[in-house]
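Take a look at the structure set out below.
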Amino acid sequence: MMRQIGKQFLTLAGLRTFFLGLVFVLGSGTSGIGAASRVVPGMVVDPLSGVALNGYDAVTYFTEAEPVPGRPEFEFYWKGVPWFFSSAANLEIFAKAPEIYAPQFGGHGTMSLARGFFSDGNPLIYRVLDNRLYLFYSFGNREAFSLVDKTARVKAMDTWQKSGFAEAQNRG
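Here the sequence shown stands for residues 3 to 174, numbered as in my numbering.
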């Protein structure tokens, strides 16, 4: 019984926070609404900060053994989303060719897309293949991808194209 009361309390607290946030955005004029509308549909961002790749430096997936957390002072906006970098040099590299360094499919899980549905990719569960960054929902999905990567990429691209997100990102 206590558990249920706790869940109800969290739900009510969550609703209160949501409505306060909504009042803040609507009360701040069109700047808040305009900023949100520039985000390209289909991009996975951190739900709390709104930053791509949960703040990890996209370039370091290609240059380091593990992704390195970015820093807010090295921020770059691409497709309406802030991206953090660990250095000014990495920010410049990304700015010149973001399509190369950004995760495929807007950061959605590649195997999930190959199976016909969307899930957020985890920036710490990834694979770089043919100079492209692929994110996965789970370690199991990444292992499954390793067994059928070419087929999975084709199926994921098909799901991505049919969703309309690919077209939206090309416009954005």
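We treat Cβ as the ideally placed atom computed from N, Cα and C, and that holds for glycine.
Taking DSSP's pairing of strands, which residues face residue i in a bridge?
i	result
N124	F138
W85	F78
V47	A54
P100	Paired residues: none, contrary to the question.
V156	According to DSSP, V156 bridges with nothing at all.
L131	R134
How would you call residue i, buried or exposed, if buried means at least 16 neighbouring beta carbons within 10 angstroms?
i	result
T153	exposed
G44	buried
K81	buried
G36	Since pLDDT at G36 reaches only 37, below the 50 mark, its modelled position is unreliable, and the value read off the structure follows with that caveat. It is exposed - the Cβ of G36 has fewer than 16 other Cβ atoms within 10 Å.
L137	buried
F119	exposed
L126	exposed
So, at 6 Å on beta carbons, what are the nonlocal neighbours of residue i in its own chain, with the 5 sequence-adjacent residues on each side left out?
i	result
Q6	The predicted position of Q6 is uncertain, since its pLDDT is 40 and thus under 50; no value can be drawn from it.
P69	Y58, T62 and Y63
L28	A caution first: L28 carries a pLDDT of 42, below 50, which makes its placement in the model unreliable, though a value can still be read off. Excluding residues within five positions, none has a Cβ falling inside 6 Å.
Do you know how far the Cα of residue j is from the Cα of residue i?
i	j	result
G123	E145	14 Å
D151	E94	31 Å
F167	N56	20 Å
Y128	P71	15 Å
T65	V130	11 Å
G23	S148	Below a pLDDT of 50, predicted positions are generally treated as unreliable, and G23, at 44, falls in that range; no measurement from the model is reported.
K157	A60	24 Å
E101	G108	10 Å
K98	F76	15 Å
F78	L50	18 Å
R139	D132	Note on identity: in this sequence residue 139 is Tyr, with Arg being the wrong assignment. Rounded to whole angstroms, Y139 to D132 spans 20 Å at the Cα level.
A116	W162	9 Å
S89	R155	31 Å
P105	T112	10 Å
R134	D160	17 Å
Using C-beta distances below 8 Å, list every residue in its chain close to residue i, excluding the 5 sequence neighbours before and after it, in chain order.
i	result
S30	With a pLDDT of only 38 at S30, under the threshold of 50, the placement of this residue in the model should not be trusted; the figure read from the coordinates follows. So no residue of the chain qualifies.
S165	G44 and F120
Among the residues of its own chain, which have a CB less than 7 Å from the CB of residue i, if the five just before and after it don't count?
i	result
D48	N56 and G57
N96	One point to set straight first is that residue 96 is Phe, not Asn, in the sequence displayed. Hits under 7 Å: A60, V61, F78, W85, F87 and Y103.
H110	V46, F120, S121, D122 and G123
F141	I127
Would you please state the rounded distance, in angstroms, between the beta carbons of residue i and residue j? I believe it to be under 8 Å.
i	j	result
N92	S114	The pair is not a contact, with the Cβ atoms about 28 Å apart (cut-off 8 Å).
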